[in-house]
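Participant: If you read the sequences in order, they're chains A and B. Start counting the first sequence at 1; every next residue gets the next number (this note's numbering). Start counting the second sequence at 323; every next residue gets the next number (this note's numbering). Idealized CB from N, CA, C, for every residue including glycine. Owing to the predicted nature of the structure, the values given are computational and were not obtained by experimental measurement.
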Amino acid sequence: MATLQLGPATAMRDVFGQKLLELSKTDPRVYALDGDLGTSTKLDVVEKGNPEKFLQMGIAEQNMIGVAAGMATVGLQPWVCSFATFIVKRALDQIFVTVAQPRLDVKLIGAYSGLLTGLTGKTHQGLEDLAIMRTIPYMVVLAPADAADVCKVMEFANRYEGPVYIRLARDPLPNLFDERTHTFELGKAVQIRDGRDVTLIATGTQTVRSVEAVKRLEERGIDVRLLHMPSIKPIDVESIVAAAEQTGAIVTAEEHTIYGGLGSAVAEVLAEHCPVPMLRVGVKDRNSESGPNDALLKKYEIDMDHIVQAVETMARRKGSLR
Amino acid sequence: MSSAMPETDLKELERIAATTRRLVLETVHHAGAGHIGGPLSVTDILVTLYFRELRIDPRRPRDPDRDRFVLSKGHSAVALYTVMALRGYFPVEELKTFDKLDSRLQAHPDMTVLPGLDMSTGSLGQGISTAVGMALAAKLTGKTFRVYCVIGDGESQEGQVWEAADIASKYRLDNLALIMDHNRLQQFGWRGDGEKQRQDPVRSPKERWQAFGWHVLEADGHDMKHLLAAYDEAKQVKEKPTIIIAHTVKGKGVSFMENNYAWHAKVPTAEELRLALAEIGQGVEV
Numbered sequence: 001m002a003t004l005q006l007g008p009a010t011a012m013r014d015v016f017g018q019k020l021l022e023l024s025k026t027d028p029r030v031y032a033l034d035g036d037l038g039t040s041t042k043l044d045v046v047e048k049g050n051p052e053k054f055l056q057m058g059i060a061e062q063n064m065i066g067v068a069a070g071m072a073t074v075g076l077q078p079w080v081c082s083f084a085t086f087i088v089k090r091a092l093d094q095i096f097v098t099v100a101q102p103r104l105d106v107k108l109i110g111a112y113s114g115l116l117t118g119l120t121g122k123t124h125q126g127l128e129d130l131a132i133m134r135t136i137p138y139m140v141v142l143a144p145a146d147a148a149d150v151c152k153v154m155e156f157a158n159r160y161e162g163p164v165y166i167r168l169a170r171d172p173l174p175n176l177f178d179e180r181t182h183t184f185e186l187g188k189a190v191q192i193r194d195g196r197d198v199t200l201i202a203t204g205t206q207t208v209r210s211v212e213a214v215k216r217l218e219e220r221g222i223d224v225r226l227l228h229m230p231s232i233k234p235i236d237v238e239s240i241v242a243a244a245e246q247t248g249a250i251v252t253a254e255e256h257t258i259y260g261g262l263g264s265a266v267a268e269v270l271a272e273h274c275p276v277p278m279l280r281v282g283v284k285d286r287n288s289e290s291g292p293n294d295a296l297l298k299k300y301e302i303d304m305d306h307i308v309q310a311v312e313t314m315a316r317r318k319g320s321l322r
Numbered sequence: 323m324s325s326a327m328p329e330t331d332l333k334e335l336e337r338i339a340a341t342t343r344r345l346v347l348e349t350v351h352h353a354g355a356g357h358i359g360g361p362l363s364v365t366d367i368l369v370t371l372y373f374r375e376l377r378i379d380p381r382r383p384r385d386p387d388r389d390r391f392v393l394s395k396g397h398s399a400v401a402l403y404t405v406m407a408l409r410g411y412f413p414v415e416e417l418k419t420f421d422k423l424d425s426r427l428q429a430h431p432d433m434t435v436l437p438g439l440d441m442s443t444g445s446l447g448q449g450i451s452t453a454v455g456m457a458l459a460a461k462l463t464g465k466t467f468r469v470y471c472v473i474g475d476g477e478s479q480e481g482q483v484w485e486a487a488d489i490a491s492k493y494r495l496d497n498l499a500l501i502m503d504h505n506r507l508q509q510f511g512w513r514g515d516g517e518k519q520r521q522d523p524v525r526s527p528k529e530r531w532q533a534f535g536w537h538v539l540e541a542d543g544h545d546m547k548h549l550l551a552a553y554d555e556a557k558q559v560k561e562k563p564t565i566i567i568a569h570t571v572k573g574k575g576v577s578f579m580e581n582n583y584a585w586h587a588k589v590p591t592a593e594e595l596r597l598a599l600a601e602i603g604q605g606v607e608v
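1. Taking 6 Å as the limit between beta carbons, can you name the residues of its chain near residue 323(B), skipping five residues before and five after?
2. What whole-angstrom Cβ distance do residue 250(A) and residue 244(A) have, given they're in contact under 8 Å?
3. So that I know if they touch, is there some Cβ in chain B lying closer than 8 Å to that of residue 111(A)?
4. State the Cα-Cα distance for the pair residue 201(A) and residue 232(A), rounded to the nearest angstrom.
5. Answer yes or no: does any C-beta atom of chain A fall closer than 8 Å to that of residue 463(B)?
6. Does residue 445(B) come within less than 8 Å of chain A when only Cβ atoms are used?
7. Could one say the Cβ of residue 488(B) lies closer than 8 Å to chain A's Cβ atoms, at least one of them?
8. Do you know how far the Cα of residue 459(B) is from the Cα of residue 257(A)?
9. Please check if any C-beta of chain B sits within less than 8 Å of the C-beta of residue 164(A).
10. With H, G and I counted as helix, E and B as strand and the rest as coil, what does DSSP make of residue 193(A)?
11. For residue 426(B) and residue 435(B), which I take to be in contact (beta-carbon distance under 8 Å), what is that distance rounded to the nearest angstrom?
12. Helix, strand or coil for residue 327(B), going by three-state DSSP, please let me know.
13. What is the DSSP secondary structure of residue 18(A), reduced to helix, strand or coil?
14. If contact is defined by three or more beta carbon pairs under 8 Å, each pair taking one atom from either stretch, is the segment 75-85 of chain A in contact with the segment 21-40 of chain A?
15. Would residue 357(B) and residue 400(B) qualify as a contact pair, given that the criterion is a beta-carbon distance under 8 Å?
16. What residue does the beta strand (DSSP E) around residue 202(A) start on, and which one ends it?
17. Could you say which of 380(B), 376(B), 395(B) lies nearest to residue 389(B) if we only look at CA atoms?
18. When the distance is taken between beta carbons, is residue 189(A) closer than 8 Å to residue 217(A)?
19. In angstroms with no decimal places, state the Cα-to-Cα distance between residue 329(B) and residue 495(B).
20. Identify the contact partners of residue 429(B) in chain A, using a Cβ-Cβ distance below 7 Å as the criterion.
21. Can you find at least 3 beta carbon pairs, one from the segment 305-313 of chain A and one from the segment 343-357 of chain B, that sit closer than 8 Å?
22. Please give me, in chain order, every unbroken run of the alpha helix (DSSP H) with length at least 4 that falls completely inside the segment 30-105 of chain A.
23. For residue 315(B) and residue 97(A), which I take to be in contact (beta-carbon distance under 8 Å), what is that distance rounded to the nearest angstrom?
24. To the nearest angstrom, how far is the alpha carbon of residue 104(A) from that of residue 69(A)?
25. Compare the Cα-Cα distances from residue 330(A) to each of 73(A), 24(A), 114(A) and report the closest residue.
26. From the DSSP output, in three-state form, read off residue 285(B) for me.
27. Output, in sequence order along the chain, the residues in the segment 61-83 of chain A whose CB is closer than 9 Å to any CB in chain B.
28. Where does residue 1(A) land, buried or exposed, given buried means 16+ other C-beta within 10 angstroms?
29. For residue 397(B), count neighbouring Cβ atoms within 10 angstroms of its own Cβ and tell me buried if that reaches 16, exposed if not.
30. Between the Cα of residue 475(B) and the Cα atoms of 499(B), 454(B), 506(B), 539(B), which residue gives the shortest distance?
31. Taking only beta-carbon positions, decide if residue 442(B) is within less than 8 Å of chain A.
32. Less than 8 Å between the C-beta atoms of residue 150(A) and residue 16(A), yes or no?
33. Please list the partners that residue 103(A) has in chain B, where partner means a Cβ-to-Cβ separation under 9 Å.
34. Roughly how many angstroms separate the alpha carbons of residue 535(B) and residue 526(B), rounded to a whole number?
35. If you draw a straight line from the C-alpha of residue 194(A) to the C-alpha of residue 297(A), how long is it?
36. Check whether the segment 575-588 of chain B and the segment 550-564 of chain B are in contact - that is, three or more C-beta pairs closer than 8 Å.
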């Protein structure tokens, strides 16, 4: 069970590289395929530690996806890694046709998701991956929050037979979960705090920022239920409906466009099962740019202050905040 | 080896090819949909592969040690299904379900419904990468099966084909043989002049594949002996993947369909079917 106590910061990419190295040593099926970004995504850890399990595919994402699909038909489990924006958008038809349709055991890793990609700007940021991947039949879509979550999600993906997309982030974030006790279950939300006034549902990096937001909201007397949603598809319908019934107002938070991602997925569930007022915190209909992390989060309206404001707005609408 | 095959065996392959063409025409006519030109040009390649070259057993379609085949030009699915049916993967009668709802014989190959298909294809330029992945996996796991893949010349306009060419060469995949159905036409193509009208989807294929580090062979794609000899030579090549550029005729076997781009995916009327069937197999001893 998570608490609102945050630990020291870890970068997801570092945990990812180490964990994949470990899996490549324990599971003979596991291979790492790199689109020449290994030094950024930390896939280079596999090349250094277990070179026979590392396959350089060059700067050619379409072919890389197809090669992975072919390997999977022979019983191997390729982990294909690139930046989220490249793996999802440059090779999208390849993912549909050769990975998802035949339901092959390929793991797709979208590193450098979201806005915070180390001053690389709009072409390297990944703000649409959850929306796009969610439309692909049979595709499991996951967005872990911190180091422990990345490990558990990767262990799940290794056990699961079929296509999985995992969204990762570049920069260090405080640890939220305790690796010794943390678990991941497909299609299940993790309740971090119970509350009665508003439910805040967050995914990926925004879960950690939401913990900070909830602390601020506690000080202001708003009792927030906080759910972490690592499994975007399938999504936890039961927890969303329970939250709607019990708190009557929902806010979503994601480092992603507001179109098609977590917010949309939650809105779909609410509209079909239990319509209640909701607000989505995410990047609006605009292109981004290079900039320091804090400035980017603020300008594109997804920093902690914007999460706090959205929850306050919903609390005010409900009458919980005067 | 197969290149020294007795004349009677070659005649048998020609008879199977004539039957394949007949069934392709009937199946497309019956379905009211499907491709014609490409399936007729690739027929002899598929017949030689399935009846002589591939180490496969239709009774054990999931044998982990079987040779693999990928029809990257998935639009010619009807020819592949016909050859697979004749080879014993499923009853020839089932061809009547081609392109129908709930059929295992989808317009483009679907490996999840038809045992014996090694890959789902249809979106051009993608099958070749999966064949590279299969050949690479065989090398990594010490398997001795070979991988065969047929691409189209029109398909070779896809950039992914050349991404795959590069990686197959870098990983020295000598267990991979690619066959290009070089029928010199595509669905529409570019307007040309006179005899060369609408021809040449891909310029200088031989030089291109050589530049990518492949062993390049050329063959008459309608000569069984040529094709079998090329497959044999491909098996002798070490440290390099091989491509066989098979020179073919789009719509092969039916005079009014040959070399006419309009028959890329046109459904023959009852009268056209009658005229076409009358021409199929001429010169083949039955």
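Facilitator: Reading it off the structure:
1. Residue placement at residue 323(B) is flagged as unreliable, the pLDDT there being 44, under the threshold of 50; the coordinate-derived value follows with that caveat. Hits under 6 Å: 554.
2. 6 Å
3. no
4. 11 Å
5. yes
6. yes
7. yes
8. 38 Å
9. no
10. strand
11. 5 Å
12. coil
13. helix
14. yes
15. yes
16. 198-202
17. 376(B)
18. no
19. 33 Å
20. Within 7 Å Cβ-Cβ: nothing; residue 429(B) doesn't reach chain A, min ~13 Å.
21. no
22. 38-41, 44-49, 61-73, 84-89
23. With chain B covering only 323 through 608, there is no way to say anything about residue 315(B).
24. 6 Å
25. Lying before the first or after the last residue shown, residue 330(A) is absent from chain A, which here runs from 1 to 322.
26. Any question about residue 285(B) goes unanswered here, given that chain B covers just 323 to 608.
27. 61, 62, 63, 64, 65, 66, 67, 68, 69, 70, 71, 72, 73, 74, 75, 76, 78
28. In this predicted model, residue 1(A) has a pLDDT of only 46, less than 50, meaning its place in the structure is not dependable enough to derive any value.
29. buried
30. 506(B)
31. yes
32. yes
33. 434
34. 15 Å
35. 26 Å
36. no
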